[in-house]
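Below is one structure, written out as structure tokens; comments come after it.
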Amino acid sequence: MGALVWWLAACCLVRAVAAGNPDAKRLYDDLLSNYNKLVRPVVNNTDVLRVCIKLKLSQLIDV
18 MGALVWWLAA CCLVRAVAAG NPDAKRLYDD LLSNYNKLVR PVVNNTDVLR VCIKLKLSQL
78 IDV
């Protein structure tokens, strides 16, 4: 589950950087070109998936 949180954080970071940098946008597009919203990282499709994201005020100010 920790890996999922890191993956989501990395995607958000790449997305923010990609807005101003064409190379970063290309990387973002390449990484998420085969992304499927319907795929969930659980064994049983009815299992609950809990995602926790923590932010500090300093992280919000840097954005």
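Residue numbers (the numbering used here): 18 to 80. Where a beta carbon is used, it is the ideal one built from N, C-alpha and C, also for glycine. Source: prediction; values computed, not measured.
7 angstroms Cβ shell around ALA20 - same chain, five flanking residues per side excluded: Looking up residue 20 in the sequence shown gives position 3. Hits under 7 angstroms: none found.
Write down the C-beta distance between VAL68 and VAL22 rounded to the nearest angstrom, noting that I regard them as a contact closer than 8 angstroms. Taking the sequence shown and counting its residues from 1, one reaches residue 68 at position 51. Taking the sequence shown and counting its residues from 1, one reaches residue 22 at position 5. Confirmed, Cβ separation roughly 7 angstroms.
Using 7 angstroms as the cut-off, classify the Cβ of ASP64 as near or not near the heavy atoms of the ligand SAH, replying yes or no. The ligand SAH is not part of this structure, which contains no ligands at all.
Does TYR45 pass the burial test, meaning 16 or more other C-beta atoms within 10 Å, or should it be called exposed? The residue you call residue 45 lines up with position 28 of the sequence shown. Result: buried.
Can you tell me the Cα-Cα spacing of ALA27 and THR63, whole angstroms? Reading the sequence shown from its first residue, position 10 is the one you call residue 27. Reading the sequence shown from its first residue, position 46 is the one you call residue 63. Going by the C-alpha atoms only, they are around 27 angstroms apart.
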